[in-house]
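Residue numbers (my numbering): 10 to 374.
Here's the structure, in structure tokens; my notes come after.
Next comes the structure, spelled out in structure tokens:
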């Protein structure tokens, strides 16, 4: 009887926790902004516009569930392939100038996918079918490239949340599919590197709903994972219908390193390079440096002066840095010219890319 009563108490406690979790999950997220208070957090007005006619043809590949997903190829004489993942709300077209410059330099063929749940990819905007599906989709894209006889080494790169997905991929079952990893301003939401929960004002996160859904998932209850948990503050004047303005819980979780992110970061080791701007609006550059010095000191890490969250992928001088890193043999690409040790750093200097000329604040965007 004692055992039976004990089991009943545990059951009641579990049901109470689940009830609280459901109540939290039911709390709707607040709008990302009031229409009268829209702010251009990242400087969308400075982004270069690319006419559709100037883009490579849109291609599609078939993922393992039969879904047709979009991508573009920037061809090059190089054998190496850079698969570069876009940031939150965006899609591959935003990175046209980066891809074109790297391909023209002969550093790599560049593939720009539109992730599932984004413009022209998937049946539902802002959603996936399950946590981890984005990793499956990237693995399927690499398989598609191999099937088309693109046999060179694959470098997986990304910007912002896309770089967060790169970290997740490196810590997962498919890490062996990539020879190296390239991250621009990586977003790691469960770390202290993010500028507040809103990433500097870019996102409105429903923390209560995320906590509730996380508790439910811990009990194996995943039926509420399609609920939206984050909205993005892209001012209406810069929208063209291709942006994705909200994410479900399962897409949001799929798009970032695991909650215990350190294990994912540690897997990057000496196969990775990280660049971030000194004035990044979403990620604290110094805190990100400290995180990598602690968890992955062998990764190349560079803070670019006078550079923000968008300039890290739009400036021609940054494109040149990336092309040079890509053209280095893998055994040497993460240790270029060592920086002198910084005062107060227990690890000395993190290997960086600073032997490549620094980006000028006056470089054309």
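Think of the CB as a built atom: it goes at the ideal place given N, C-alpha and C, for glycine as much as any other residue.
All of these numbers come straight from a predicted model, not from anything done at the bench.
Bounds of any beta strand (DSSP E) do not take in residue 142; it lies within the alpha helix (DSSP H) bounded by 142-156.
Residue 108 and residue 83 do touch by the CB rule: their CB atoms are close to 4 Å apart, below 8 Å.
When secondary structure is reduced to three states using DSSP, residue 213 falls in the strand class.
Annotation for residue 168: no alpha helix (DSSP H) segment contains it, though the beta strand (DSSP E) segment containing it runs 163-168. Between residue 196 and residue 203, the C-beta gap is smaller than 8 Å, which places the two residues in contact.
Distances from the alpha-carbon of residue 52 to those of 334, 173 and 291 put 291 closest.
Around residue 175, the same chain offers 94, 165, 166, 167, 190, 191, 192 and 195 as residues with beta carbons nearer than 8 Å, after the five sequence neighbours per side are excluded. Judged by DSSP in its simplified three-state form, residue 72 adopts coil rather than helix or strand. Residue range 320-323 is occupied by the alpha helix (DSSP H) that includes residue 323.
One thing to note: residue 331 has its Cβ no nearer than 8 Å to the Cβ of residue 308. Boundaries of the alpha helix (DSSP H) harbouring residue 263: 258-263, taken from the DSSP string. By the Cβ neighbour-count rule, residue 138 is buried, with 16 or more other Cβ atoms within 10 Å of its own. Taking C-alpha positions only, residue 148 is separated from residue 227 by approximately 26 Å.
In the assembly as shown, residue 311 is a buried residue. Its beta-carbon has 16 or more other beta-carbons within 10 Å. For residue 301, the enclosing alpha helix (DSSP H) starts and ends at 294-304. For the beta strand (DSSP E) assignment, the uninterrupted runs of no fewer than 3 residues enclosed by the segment 167-231 are, from N- to C-terminal side, 189-193 and 212-214. By the Cβ test, the segment 263-271 is not in contact with the segment 237-252, since fewer than three Cβ pairs between them sit closer than 8 Å. Rounded to the nearest angstrom, the gap between the Cα atoms of residue 219 and residue 87 is 43 Å.
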